[in-house]
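**Student:**
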Amino acid sequence: MTRAEPLLQIENLQVSFFLPGVEVPAVRGLDLVVGAGETVGLVGESGCGKSVTALSVLGLVGDPGRVKAGSIRLGGRELVGLAPRELRAVRGRQVGMVFQEPMTSLNPVFTVGYQLAEALTTHFDLSRQEVRDRCVGLLREVGIPAPEDRLGAYPAQLSGGLRQRVMIAMAVACRPRLLLADEPTTALDVTIQAQIMGLLARLRRELGMAVLLITHDLGLVAQNVGRVVVMYAGHAVEEAATADLFAEPLHPYTRGLLGSIPGAPGTRPGDRLRAIPGNVPHPTRVPSGCPFRDRCDLAVDACADTLPELEPKRPGHRARCLRVDRRV
Amino acid sequence: MSGAYRDAGPWRILWRRLQRNPQAMAGLAIVVGLAVVAVLHPWLAPYDPAGVNVRQILQPPGADHWLGTDELGRDVFSRLVYGAPISLLVGFVAVGISVAIGTVLGCTAGYYGGWWDSLVMRLVDLLQAIPTFFLILAAIAFLKPSIWLIMVIIGLTGWMGVCRMVRAEVLSLRDREFVMAARVQGAGDMRILLRHLLPNAIVPVLVSATLGIAGAILVESSLSFLGLGVQPPQPSWGNMLAQARDNLAGGWWNTVFPGAAIFVTVLGYNLLGEGLRDALDPKISDR
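Protein chains in written order, with the numbering used here: chain A, 1 to 328; chain B, 1001 to 1287.
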């Protein structure tokens, strides 16, 4: 699993929101690697820091948030602390992003064609005809029927699935090397969900693009990504190839997540679903040591002392837990 | 088939709603009619508006002089026609100035926030606390009255409403997801302001500008009536009224027609403005 130079390398990323009088840490030292052309899933509950991580890559953590420490390298180039102008050249051109809400992510007063053209002309100097041709090509690429007609459509005239396809077309317009997909299907019907994931997989293959899929949906991860990073309270708590993670989840949090899905391994129909006791801690009240310890069945006194390292527990399978090999 | 989506653009929807409102269409007709008169005024006026004719003093409306003559024998209709471009010019330039100032300050205040926002908004509060008309009177008393001075002063004292409105629009749009989507594609502040925020905020500005033109025309007429606006012999509806004051008994046509011109113009712009406002109201259903 060694690569000369991973496409995206995030090291010890710390992002905090500085509210009056309090610092609210959202990401607390995240390490994450995405190889060229790879699909990685970043999984966690709301508020665990996964979206903030994506925005940090683009340098778009808004006030009062700030990247406090750490490094984000894209193709070997440090992005943290880059000048605004240089960051703008990265956004859209090298890293594309798709959001959760296709309903509101398009500007209501402009046509689809206009917005798609803008995605292109921000980074490329093209003639009118070239822009039009490419826009038609992009809409065709994302599977929108009658692309020539759709260029003149306003967002309100398209369905959610079509709008998400347009968003994807905009995100890949400049052929980025990395696509950040933040809950790209959460707002869509299940059938449309499958189509959109299929589209992303096809584009990834055809364009040789890496995809960081950010989601809370383990089912989506199981079917669509090669490697998974599980986040909890701003930390990566487990990382493994998808198959390994589902076959043998090591961190108690991951086990809890998988155990709470109907039909999880080791359960029989008719069993009660297992829920993780307690709630996700508020970012200012994360316990010392292991952030999960006060909800964990396996916790011992040692868990309160230090934050465990994210270390290999099996080949290619890392977890941040002292008690991995203990079973209840 | 290529036009299948065209009739759902925001401007199309606006126009369709406007068409269903007879008052707004009447306002639009007045506004367009006035614009035509203003553009064609040298050809529409049958007499020289400054042509004094001592043998035709205070003629009542008739075949030779449709709207009569004033106490110097000048044709009232020709003078009214020549007053139209002046009134419209004052209205458009003054509102142009206030819309420009209000939009730039409102946009930047709403977008950047912070100390700049506070500064702009306090300036707005300050200017709104001063009675504009007396400020204009005072300013003109110090400087030589001219039509350009009037336009500039009306413009400089009338931008606060537009500024407030644009700021509020930008504030509500700033954190919308399509703005984030634009940013994610590499758009800078300028691009986001000009191409994403402003077009979404511009339609309410249009309403306020339309109503503002009516207001500016009224201010100009008032100033001219007081002798501080457009200076004779250049004809303006306001100074025609002022001159006619002395002959109220002898020539009703000298007051009624300029007054009616002001009234109809202001009415036209107000009807159109109100119509636009209603057409923009999201609570009114479309189809």
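Just so you know, even glycine gets a beta-carbon here, dropped at the ideal spot from N, CA and C.
(1) Which same chain residues end up closer than 6 angstroms to D1211 (chain B) when comparing Cβ atoms and leaving out the 5 residues on each side of it in sequence?
(2) Can V1266 (chain B) and L1226 (chain B) be called in contact, C-beta distance under 8 angstroms?
(3) When we look at the beta-carbon of R1245 (chain B) and count the other beta-carbons within 10 Å, is it buried (16 or more) or exposed?
(4) Under the rule that 16 or more other beta-carbon atoms within 10 Å means buried, what is H251 (chain A), buried or exposed?
(5) Could you tell me whether any Cβ in chain B is nearer than 8 angstroms to the Cβ of M331 (chain A)?
(6) Name the DSSP beta bridge partners of M231 (chain A), please?
(7) Should G41 (chain A) and P6 (chain A) be called a contact, given that it needs their Cβ atoms to be closer than 8 angstroms?
(8) Please say whether G1188 (chain B) and G92 (chain A) have beta carbons closer to each other than 8 angstroms?
(9) Going by alpha carbons, who is nearest to V1095 (chain B) out of B:V1031, B:G1215, B:I1202?
(10) Could you check whether R150 (chain A) and V112 (chain A) sit closer than 8 angstroms to each other, using their CB atoms as the reference points?
(11) Could you give the DSSP three-state label for M1151 (chain B): helix, strand or coil?
(12) Interface residues of chain B around A89 (chain A) at Cβ under 9 angstroms?
(13) Relative to the C-alpha of G1275 (chain B), which residue among B:G1009, B:P1010, B:L1028 is closest?
(14) What do you get for F110 (chain A), buried or exposed, if any count of 16 or more other CB atoms within 10 angstroms of its CB means buried?
(15) If you drop the 5 nearest sequence neighbours on each side, which residues of the same chain put their C-beta closer than 6 angstroms to that of G259 (chain A)?
(16) Select from A:P291, A:T186, A:R285, A:E101 the residue whose C-alpha is nearest the C-alpha of E238 (chain A).
(17) Contact check, R77 (chain A) vs Q9 (chain A) under 8 angstroms by CB: the rounded distance?
(18) Since G96 (chain A) sits in a beta bridge, which residues does DSSP pair it with?
(19) List the residues that DSSP assigns as beta-bridge partners of I214 (chain A).
(20) For chain A, check one thing: does any of its Cβ atoms lie closer than 8 angstroms to the Cβ of R1277 (chain B)?
(21) Does the Cβ of V90 (chain A) have 16 or more other Cβ atoms within 10 Å, making it buried, or fewer, making it exposed?
(22) Tell me, which residues are paired with S71 (chain A) by DSSP?
(23) At a Cβ threshold of 8 angstroms, is N1254 (chain B) touching chain A?
(24) Pick out whichever of A:V172, A:D217, A:K50 has its Cα sitting closest to the Cα of G29 (chain A).
(25) Is the CB of N1247 (chain B) under 8 angstroms away from at least one CB in chain A?
(26) Among the candidates A:R227, A:A240, A:A54, whose CA atom is the shortest distance from the CA of P315 (chain A)?
(27) Please classify D31 (chain A): does DSSP put it in a helix, a strand, or coil?
(28) With a threshold of 8 angstroms between beta carbons, is S105 (chain A) in contact with chain B?
(29) With C-beta atoms as the reference, is V15 (chain A) less than 8 angstroms away from V43 (chain A)?
(30) What are the residues that DSSP puts in a beta bridge with D1075 (chain B)?
(31) Taking the beta carbon of G278 (chain A) as the centre, do at least 16 other beta carbons fall within 10 Å, making it buried, or is it exposed?
(32) For the alpha helix (DSSP H) that K1144 (chain B) lies in, which residues bound it at each end?
(33) Name, in chain order, the residues that DSSP records as bridge partners for V311 (chain A).
(34) What is the rounded straight-line gap between the Cα of S159 (chain A) and the Cα of I144 (chain A)?
(35) Between which two residues does the alpha helix (DSSP H) carrying S1221 (chain B) extend?
(36) Measure the alpha-carbon distance for G1158 (chain B) versus V1039 (chain B) and round it to whole angstroms.
**Tutor:** So, from the data block:
(1) Residue numbering aside, residue 1211 (chain B) sits at position 211 when the second sequence is read from its first letter. Asp is not the amino acid found at residue 1211 (chain B); the sequence shown has Leu there. Excluding residues up to 5 positions away in sequence, G1273 lie with their Cβ nearer than 6 angstroms to the Cβ of L1211 (chain B) in the same chain.
(2) Residue numbering aside, residue 1266 (chain B) sits at position 266 when the second sequence is read from its first letter. Residue numbering aside, residue 1226 (chain B) sits at position 226 when the second sequence is read from its first letter. No, they are not a contact pair.
(3) What you label residue 1245 (chain B) is simply residue 245 of the second sequence in a count that begins at 1. That one is exposed.
(4) Sequence index remark: in the first sequence, residue 251 (chain A) carries index 251 (1-based). It is buried - the Cβ of H251 (chain A) has at least 16 other Cβ atoms within 10 Å.
(5) It is not possible to answer for residue 331 (chain A), since the shown part of chain A is limited to 1 through 328.
(6) Looking up residue 231 (chain A) in the first sequence gives position 231. In the DSSP assignment, M231 (chain A) forms a beta bridge with A:A236.
(7) Numbered from its first residue, the first sequence carries residue 41 (chain A) at position 41. Numbered from its first residue, the first sequence carries residue 6 (chain A) at position 6. P6 (chain A) sits away from G41 (chain A), with the two beta carbons spaced by 8 angstroms or more.
(8) On the first sequence, residue 92 (chain A) is found 92 positions in, with the first residue counted as 1. On the second sequence, residue 1188 (chain B) is found 188 positions in, with the first residue counted as 1. In this structure, G92 (chain A) sits away from G1188 (chain B), with a CB-CB distance that is not shorter than 8 angstroms.
(9) Reading the second sequence from its first residue, position 95 is the one you call residue 1095 (chain B). With respect to the C-alpha of V1095 (chain B), the residue from B:V1031, B:G1215, B:I1202 having the closest C-alpha is B:G1215.
(10) Counting from 1 along the first sequence, the entry for residue 112 (chain A) is found at position 112. Counting from 1 along the first sequence, the entry for residue 150 (chain A) is found at position 150. Yes; because the gap between Cβ atoms is below 8 angstroms, this pair is in contact.
(11) Within the second sequence, the letter at position 151 stands for residue 1151 (chain B). Assigned with DSSP and collapsed to three states, M1151 (chain B) falls in helix.
(12) Locating residue 89 (chain A) in the first sequence gives position 89, counting from the first residue. In chain order: G1186.
(13) Position 275 of the second sequence, counting from 1, holds the residue named residue 1275 (chain B). When each option's Cα is compared against that of G1275 (chain B), the closest is B:L1028.
(14) As a first step, residue 110 (chain A) is located in the first sequence; it is residue number 110 there, counting from the start. Around the beta carbon of F110 (chain A), 16 or more other beta carbons lie within 10 angstroms, which makes this residue buried.
(15) Within the first sequence, numbered from 1, the residue matching residue 259 (chain A) stands at position 259. In its chain, beyond the 5 residues on either side, R274 have a beta carbon closer than 6 angstroms to the beta carbon of G259 (chain A).
(16) Numbered from 1 along the first sequence, position 238 holds the residue referred to as residue 238 (chain A). The candidate whose alpha carbon is nearest that of E238 (chain A) is A:P291.
(17) The count along the first sequence starts at 1 and reaches residue 77 (chain A) at position 77. The count along the first sequence starts at 1 and reaches residue 9 (chain A) at position 9. The pair is not a contact, with the Cβ atoms about 10 angstroms apart (cut-off 8 angstroms).
(18) Stepping through the first sequence from its first residue, residue 96 (chain A) is reached at position 96. Answer is A:L179.
(19) Start at 1 with the first residue of the first sequence, and residue 214 (chain A) comes out as number 214. In DSSP, I214 (chain A) forms a bridge with A:L42, A:D182.
(20) What you label residue 1277 (chain B) is simply residue 277 of the second sequence in a count that begins at 1. Output row for R1277 (chain B): interface = no.
(21) By one-based count along the first sequence, residue 90 (chain A) stands at place 90. So V90 (chain A) counts as buried.
(22) The sequence position of residue 71 (chain A) within the first sequence is 71, counting from 1. DSSP, once it has assigned bridges, lists A:E11 as partnering S71 (chain A).
(23) Taking the first residue of the second sequence as position 1, residue 1254 (chain B) is located at position 254. Judged by the 8 angstroms Cβ criterion, N1254 (chain B) is not in contact with chain A.
(24) By 1-based counting over the first sequence, the position of residue 29 (chain A) is 29. Of the listed residues, the one whose Cα sits closest to G29 (chain A) is A:K50.
(25) Your numbering for residue 1247 (chain B) matches position 247 in the second sequence. No, no contact with chain A.
(26) As a working mapping, residue 315 (chain A) is identified with position 315 in the first sequence. It is A:A240.
(27) In the first sequence, the residue the question calls residue 31 (chain A) occupies position 31. It is a strand residue.
(28) Position 105 of the first sequence, counting from 1, holds the residue named residue 105 (chain A). Under the 8 angstroms criterion on CB atoms, S105 (chain A) is classed as interfacial with respect to chain B.
(29) Your numbering for residue 15 (chain A) matches position 15 in the first sequence. Your numbering for residue 43 (chain A) matches position 43 in the first sequence. The criterion of a C-beta distance shorter than 8 angstroms is not satisfied by V15 (chain A) and V43 (chain A).
(30) Looking up residue 1075 (chain B) in the second sequence gives position 75. Its beta-bridge partners are B:T1069.
(31) Position 278 of the first sequence, counted from the start, is the residue given in the question as residue 278 (chain A). When all chains shown are included, G278 (chain A) counts as exposed.
(32) Mapped onto the second sequence, residue 1144 (chain B) falls at position 144. Annotation for K1144 (chain B): no alpha helix (DSSP H) segment contains it, and DSSP assigns it neither H nor E.
(33) Here residue 311 (chain A) corresponds to residue number 311 of the first sequence, with the count starting at 1. The displayed chain sequence assigns Glu, not Val, to residue 311 (chain A). E311 (chain A) is bridged to A:A319.
(34) Stepping through the first sequence from its first residue, residue 159 (chain A) is reached at position 159. Stepping through the first sequence from its first residue, residue 144 (chain A) is reached at position 144. Across the structure, S159 (chain A) and I144 (chain A) are spaced so that their CA atoms are roughly 11 angstroms apart.
(35) Translated into positions along the second sequence, residue 1221 (chain B) becomes position 221. Counting along the chain, the alpha helix (DSSP H) containing S1221 (chain B) begins and ends at 1198–1225.
(36) In the second sequence, the residue the question calls residue 1158 (chain B) occupies position 158. In the second sequence, the residue the question calls residue 1039 (chain B) occupies position 39. Across the structure, G1158 (chain B) and V1039 (chain B) are spaced so that their CA atoms are roughly 26 angstroms apart.
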